[in-house]
Amino acid sequence: MEATNGNSVILDRSLPFEDRARRVLDHWAGGSERWLVDDLAFFLLYCWFLKHENALRFEPYQRRGEQRSGLADTPLVRDYVAASLAAVGGETGWNAILRQRGLCSCGQTNRLENMGICVECATFECWECQEDHRAASGHDVVG
Ligand SMILES: [Zn+2]
Ligand SMILES: [Zn+2]
Numbered sequence: 023m024e025a026t027n028g029n030s031v032i033l034d035r036s037l038p039f040e041d042r043a044r045r046v047l048d049h050w051a052g053g054s055e056r057w058l059v060d061d062l063a064f065f066l067l068y069c070w071f072l073k074h075e076n077a078l079r080f081e082p083y084q085r086r087g088e089q090r091s092g093l094a095d096t097p098l099v100r101d102y103v104a105a106s107l108a109a110v111g112g113e114t115g116w117n118a119i120l121r122q123r124g125l126c127s128c129g130q131t132n133r134l135e136n137m138g139i140c141v142e143c144a145t146f147e148c149w150e151c152q153e154d155h156r157a158a159s160g161h162d163v164v165g
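If you read the sequence shown in my numbering, its first letter stands for residue 23, the second for the next number, and so on.
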């Protein structure tokens with residue numbers, strides 16, 4: 023189990039996303055820094071958090087009938103996201119992650135700031151592909 027850390031669990035698409043998040047949170051609450059996430063796993067988690075913490079109140083999400091995740095609203099998640107954000111270097115680190123490029127399933131590459139990511143599949147989706155992926159899979163695409 024030594025190779026297991028926050029990143030590998032958050033990106034393990036064999037489990038539903040909220041189960042992965044709960045596992046990482048449980049371990050982190052037990053006191054180990056290696057359960058924090060960075061890089062791609064942080065991108066996924068932070069986009070998910072921002073969407074469910076704030077943005078589901080916004081009209082495009084409401085129009086699609088998306089559900090708010092109760093998990094994103096808990097103090098433990100807020101603390102964990104804040105600790106991970108600090109560990110990647112705060113806003114500066116976040117902006118560096120957003121400037122990385124990702125490859126969509128359709129072959130288009132884009133900066134992550136212009137991409138979404140499916141929390142279940144951990145695959146990037148460009149703006150054009152997000153709706154299709156959501157409709158075909160019922161998955162939560164964030165970003
Ligand atoms: Zn695409
Ligand atoms: Zn998916």
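Ideal placement from N, C-alpha and C gives every residue a C-beta, glycine not left out.
Query raised in the report: What did DSSP end up calling E147 once you bin it into helix, strand or coil?
Result: Counting from 1 along the sequence shown, the entry for residue 147 is found at position 125. E147: strand per DSSP, three-state reduction.
Query - E147, buried or exposed, once every other Cβ within 10 Å from all chains shown has been counted against 16 - result: On the sequence shown, position 125 is the one that residue 147 refers to. Buried is the call here.
Query raised in the report: Is there at least one non-hydrogen atom of ligand 1 closer than 6 angstroms to the beta-carbon of E150?
Result: Here residue 150 refers to the residue found at position 128 of the sequence shown. Yes, the Cβ of E150 comes within 6 angstroms of a heavy atom of ligand 1.
Report task. With hydrogens ignored, establish whether the beta-carbon of H49 is closer than 6 angstroms to any heavy atom of ligand 2. Result -> For this step, residue 49 is matched to residue 27 along the sequence shown. No, the beta carbon of H49 sits no closer than 6 angstroms to any heavy atom of ligand 2.
Query raised in the report: Would you call the CB atoms of L10 and I119 closer than 7 angstroms?
Result: Nothing can be reported for residue 10: it is not among the residues displayed for the chain, which extend from 23 to 165.
Query raised in the report: CB of E147 to nearest heavy atom of ligand 2: below 6 angstroms?
Result: To locate residue 147, count along the sequence shown from 1; it is residue 125. No, ligand 2 has no heavy atom inside 6 angstroms of this Cβ.
Requested in this report: Rank M137, Y68, E75 by C-alpha distance to the C-alpha of E113 and give the top, closest one.
Outcome: For the purposes of this step, residue 113 is taken as residue 91 along the sequence shown, with counting starting at 1. That would be Y68, whose Cα lies nearest to the Cα of E113.
Query raised in the report: Pick from R121, H161, W149, Q130: whose alpha carbon is nearest that of L62?
Result: Numbered from its first residue, the sequence shown carries residue 62 at position 40. Comparing Cα positions, the closest option is R121.
Report task. Return helix, strand or coil for R121, following the three-state DSSP convention. Result -> For the purposes of this step, residue 121 is taken as the residue at position 99 of the sequence shown. Three-state DSSP puts R121 in a helix.
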